[in-house]
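Trainee: Pasting a structure here, questions to come.
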Amino acid sequence: MNSTLSDVFISHPIHIPFSNLPDFTSLRHLPDSYTWTPKDDLLFSASASDESLPFIDLSDPHVASRVGHACTTWGAFQITNHGVPSRLLDDMEFLTGSLFRLPVHRKLNAARREDGISGYGVARIASFFNKQMWSEGFTVVGSPLDDFHKLWPVHHLKYWKNKAGGRTKRLYVVSVSVVIVSQLIFNSEIIQEYEEHMQKLAAKLMWLALGSLGVEEKDIEWASPGSDFRGAQAAIQLNHYPICPEPDRAMGLPAHTDSTLMTILYQNNTAGLQVYRDDVGWVTVPPVPGSLVVNVGDLLHILTNGMFPSVLHRARVNHLQSRFSMAYLWGPPSDLMISPLPKLVDPLHPPLYPSLSWKQYLATKATHFNQSLSFIRNYRSSDQIS
Ligand SMILES: O=C(O)CCC(=O)C(=O)O
Ligand SMILES: [Fe+2]
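Take the position in the sequence shown, starting the count at 1, then add 576; the result is the number in our numbering.
Right, dumping it as structure tokens:
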């Protein structure tokens, strides 16, 4: 039987203690456990640059070559005219804000299990660092309804109804329950609608990016029928970076690449996302209302035989406004073998990577983190890819 993304995480649990989740709002000084130095992350103090990431209008007649150029140089770009309604982006931002503004004990009701993928918690990459990140996250895979029920429990109000007794109160409480239930359904529908738009957009971006390298629809069998990558799998990662008393010494999300084919990210109107290029340094990606950021992930790097770099990126925090982001993490079916596309391999460009599934890659990432690509690049048949 084919495994799902959730199965993959069950076989690779990551232990991240919850006990020391701080109440971000009450801290006036950064505790030592949240203070980062270059010892904690080699690129922490790498130089910043004022260069800018390519900004691409998807209705531009030269869109394919612009996307191709951005993918080969930066491994990332910003897009506008992408077809995702701004009303939907506003709804997602509102949902994310209301979720993270819940009291900590309510969020912990929906805490992600150690061997789980969905729910509330810190990002999985936390386990690779000694210092703690100034952020909290919520991961959605498939229907969010069960987790949303834990965040907005209706029985809590029913309990209040029994205790309260009196007729007027009872009527009032019942109507609040109805509002909560319809809010739950509304929130789940927003997530579903967002996923549908993102899935279509990811497929469109894939063809634009790969088309620029001469790859055609017939070259990727698993995209069929319909060339829409219907078998793709995805997770939505909601991130919150609270206001921070000492942002220069804190880290929202340290430098990492995404283990995806592609990630599509929406950020609210607060800057924080930075991308890294060896010859340039850290570049801040400014929030542009209604735009989305696209990152090449590790699997697209493998598929293109290294032609597209998977972009190293991180999230910084600030002391004025909280920041929200929503990452659509998109990849192939978990068991499908991914390898450099034959069209991009020739005697001058031998395959740089062996063939492996997303499931195997995630297992490698759970052990080797940012060294995973070089680990599998040096893979010999005698080695074990877990
Ligand atoms: O919040 C951001 O801007 C980055 C989020 C991110 O990199 C991720 O969720 O993988
Ligand atoms: Fe990321």
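We treat Cβ as the ideally placed atom computed from N, Cα and C, and that holds for glycine.
Run the CB neighbour count on Glu712, radius 10 Å, all protein chains shown included, and call it buried at 16 or more, exposed below.
Mentor: Mapped onto the sequence shown, residue 712 falls at position 136. Buried, since its Cβ has 16 or more Cβ neighbours within 10 Å.
Trainee: Ordered along the chain, which non-local residues of its own chain (more than five positions away) have a Cβ less than 7 Å from that of Tyr610?
Mentor: Sequence index remark: in the sequence shown, residue 610 carries index 34 (1-based). Once the five neighbours on either side are set aside, the close Cβ partners of Tyr610 are Lys707, Gln708, Trp710, Ala826.
Trainee: Smallest Cα separation from Met838: which of Tyr817, Leu879, Leu829?
Mentor: Walking along the sequence shown from the start, residue 838 turns up at place 262. The residue with the shortest Cα to Cα distance from Met838 is Leu879.
Trainee: Give me the Cα-Cα distance between Ile819 and Gly697, rounded to the nearest whole angstrom.
Mentor: To locate residue 819, count along the sequence shown from 1; it is residue 243. To locate residue 697, count along the sequence shown from 1; it is residue 121. Distance between the alpha carbons of Ile819 and Gly697 is about 18 Å.
Trainee: My guess is that Tyr937 and Asp874 are in contact by the Cβ rule of under 8 Å, so how many angstroms apart are they, rounded?
Mentor: Taking the first residue of the sequence shown as position 1, residue 937 is located at position 361. Taking the first residue of the sequence shown as position 1, residue 874 is located at position 298. Between Asp874 and Tyr937 the Cβ distance is about 7 Å, and since that is below 8 Å, they are a contact.
Trainee: In terms of residue numbering, what span does the beta strand (DSSP E) encompassing Ile840 cover?
Mentor: Translated into the one-based positions of the sequence shown, residue 840 becomes position 264. Looking at the DSSP string, the run of the beta strand (DSSP E) that includes Ile840 is 838–843.
Trainee: Nearest CA to the CA of Met782: which residue from Ala687, Ala646, Gly828?
Mentor: Numbered from its first residue, the sequence shown carries residue 782 at position 206. Comparing Cα-Cα distances from Met782 to each of Ala687, Ala646, Gly828, the minimum goes to Ala646.
Trainee: Can you check whether the CB of Arg682 is closer than 7 Å to the CB of Leu727?
Mentor: Taking the first residue of the sequence shown as 1, we reach residue 727 at position 151. Taking the first residue of the sequence shown as 1, we reach residue 682 at position 106. Yes, they are a contact pair.
Trainee: Kindly give me the distance between the Cβ atoms of Thr656 and Asp633, rounded to whole angstroms, as I take these residues to be in contact under 8 Å.
Mentor: The residue you call residue 656 lines up with position 80 of the sequence shown. The residue you call residue 633 lines up with position 57 of the sequence shown. Thr656 to Asp633, Cβ: 5 Å. Contact.
Trainee: Is any heavy atom of ligand 1 found at a distance shorter than 6 Å from the C-beta of Leu849?
Mentor: Translated into positions along the sequence shown, residue 849 becomes position 273. Result yes, Cβ under 6 Å from ligand 1.
Trainee: Who does Val872 pair with in a DSSP beta bridge?
Mentor: Translated into the one-based positions of the sequence shown, residue 872 becomes position 296. Answer is Met838.
Trainee: Below 7 Å between beta carbons: does that hold for Pro863 and Asn845?
Mentor: Mapped onto the sequence shown, residue 863 falls at position 287. Mapped onto the sequence shown, residue 845 falls at position 269. Yes; because the gap between Cβ atoms is below 7 Å, this pair is in contact.
Trainee: Report yes if the C-beta distance between Leu868 and Tyr852 is below 7 Å; otherwise report no.
Mentor: Residue numbering aside, residue 868 sits at position 292 when the sequence shown is read from its first letter. Residue numbering aside, residue 852 sits at position 276 when the sequence shown is read from its first letter. Contact: no.
Trainee: Please tell me whether, using a cut-off of 6 Å, the distance from the CB of Asp834 to the nearest non-hydrogen atom of ligand 2 is below it.
Mentor: Along the sequence shown, read from residue 1 onward, the residue named residue 834 stands at position 258. Asp834 Cβ: within cutoff of ligand 2.
Trainee: By how many angstroms is the C-alpha of Arg642 removed from the C-alpha of Pro630?
Mentor: Counted from its first residue, the sequence shown places residue 630 at position 54. Counted from its first residue, the sequence shown places residue 642 at position 66. Near 8 Å, if we compare the C-alpha coordinates of Arg642 and Pro630.
Trainee: Just how far apart, CA to CA, sit Ala568 and Gly807?
Mentor: Any question about residue 568 goes unanswered here, given that the chain covers just 577 to 962.
Trainee: Given a threshold of 16 other Cβ atoms within 10 Å of its Cβ, counted over all protein chains shown, does Lys615 qualify as buried or as exposed?
Mentor: Here residue 615 refers to the residue found at position 39 when the sequence shown is read from its first residue. Classification of Lys615: exposed, given that the 10 Å Cβ count is below 16.
Trainee: Is Gln813 near ligand 1, going by C-beta to nearest heavy atom under 6 Å?
Mentor: Residue 813 sits at position 237 when you count from the first residue of the sequence shown. Yes.
Trainee: Exposed or buried, Ala811, counting other C-beta atoms within 10 Å across all chains shown (16 or more means buried)?
Mentor: Translated into the one-based positions of the sequence shown, residue 811 becomes position 235. Per the 10 Å Cβ criterion, buried.
Trainee: Please determine, among Ile767, Phe704, Ser719, Pro637, the residue with the shortest C-alpha to C-alpha distance to Asp667.
Mentor: Within the sequence shown, residue 667 is the residue found at index 91, counting from 1. Out of Ile767, Phe704, Ser719, Pro637, Ile767 has the C-alpha closest to the C-alpha of Asp667.
Trainee: Who are the Cβ neighbours of Ile701 in its own chain at under 6 Å, not counting the five residues just before and after it?
Mentor: Translated into the one-based positions of the sequence shown, residue 701 becomes position 125. Within the same chain, Ile701 has close Cβ partners His832.
Trainee: What's the call for Ile840, buried or exposed, on a 16-neighbour Cβ count within 10 Å?
Mentor: Residue numbering aside, residue 840 sits at position 264 when the sequence shown is read from its first letter. Buried, because 16 or more other Cβ atoms sit within 10 Å of the Cβ of Ile840.
Trainee: I'd like to confirm something about Ser901: is its beta-carbon nearer than 6 Å to some heavy atom of ligand 1, or not?
Mentor: On the sequence shown, position 325 is the one that residue 901 refers to. Ser901 Cβ: within cutoff of ligand 1.
Trainee: Going straight from the alpha carbon of Pro916 to that of Pro926, what length do you get?
Mentor: Within the sequence shown, numbered from 1, the residue matching residue 916 stands at position 340. Within the sequence shown, numbered from 1, the residue matching residue 926 stands at position 350. Cα-Cα distance, rounded: 9 Å.
Trainee: Using only the alpha-carbon positions, how far apart do Val859 and Ala939 sit?
Mentor: For the purposes of this step, residue 859 is taken as residue 283 along the sequence shown, with counting starting at 1. For the purposes of this step, residue 939 is taken as residue 363 along the sequence shown, with counting starting at 1. C-alpha separation (whole angstroms): 30 Å.
Trainee: Mark Phe900 as exposed unless 16 or more other C-beta atoms lie within 10 angstroms of its C-beta, in which case mark it buried.
Mentor: Taking the sequence shown and counting its residues from 1, one reaches residue 900 at position 324. With 16 or more other Cβ atoms within 10 Å, it is buried.
Trainee: With distances taken Cα to Cα, identify the nearest neighbour of Leu829 among Ser910, Thr836, Tyr817.
Mentor: As a first step, residue 829 is located in the sequence shown; it is residue number 253 there, counting from the start. Minimum Cα distance to Leu829 is reached at Tyr817.
Trainee: Does the Cβ of Ala640 lie closer than 6 Å to at least one heavy atom of ligand 1?
Mentor: What you label residue 640 is simply residue 64 of the sequence shown in a count that begins at 1. Ala640: no, Cβ never under 6 Å from ligand 1.
Trainee: I need the DSSP call for Phe945, collapsed to helix, strand or coil.
Mentor: Numbered from its first residue, the sequence shown carries residue 945 at position 369. It is helical.
Trainee: For Val791 and Lys919, I'd like the C-alpha separation in whole angstroms.
Mentor: Indexing the sequence shown from 1 puts residue 791 at position 215. Indexing the sequence shown from 1 puts residue 919 at position 343. Taking the straight line from one Cα to the other gives about 7 Å.
Trainee: Going by DSSP, name the residue or residues bridged to Val716.
Mentor: By one-based count along the sequence shown, residue 716 stands at place 140. Val716 pairs with Ile812.
Trainee: Whose C-beta lies closer than 7 Å to the C-beta of Ala640 among residues of the same chain, with five residues either side of it excluded?
Mentor: Numbered from its first residue, the sequence shown carries residue 640 at position 64. Answer for Ala640: Leu784, Gly787, Ser788, listed in chain order.
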